[in-house]
Amino acid sequence: MPMHSDGTDNREREQRALAIGQQIAALLDDLERIAPGSVNANIVGLGFRIKRRGPSFTAERER
């Protein structure tokens, strides 16, 4: 069955991608707690980006 792209499908994909980005950011925070100063990440794509905000990482929608 063909998948139709509409606003709802795109929003769901964006929300899922952001949720995954938030999980990755949390894992990077865990690694940073284990080895402070050793984590450096620049992750973009799939509708989100992960950046260091102060002492922790955050995922946000790409603009």
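To convert, take the position in the sequence shown, counting from 1, and add 775; that gives the numbering used here. Beta carbons: idealized from backbone N, C-alpha and C, even for Gly.
Query	Result
Proximity below 9 Å, CB of residue 825 to CB of residue 794	no
Limits of the alpha helix (DSSP H) - the one that residue 812 falls within	No alpha helix (DSSP H) contains residue 812, which DSSP labels as neither H nor E.
Straight-line gap, residue 827 to residue 782 (C-alpha atoms, nearest Å)	30 Å
Where residue 837 sits in the DSSP three-state scheme	coil
Residues of its chain near residue 837, where Cβ-Cβ distance is below 7 Å and the 5 sequence neighbours each way are ignored	819, 822, 823 and 824
Helix, strand or coil at residue 777 [DSSP, three-state]	In this predicted model, residue 777 has a pLDDT of only 49, less than 50, meaning its place in the structure is not dependable; the value taken from the coordinates is given anyway. Note: residue 777 maps to coil in three-state DSSP.
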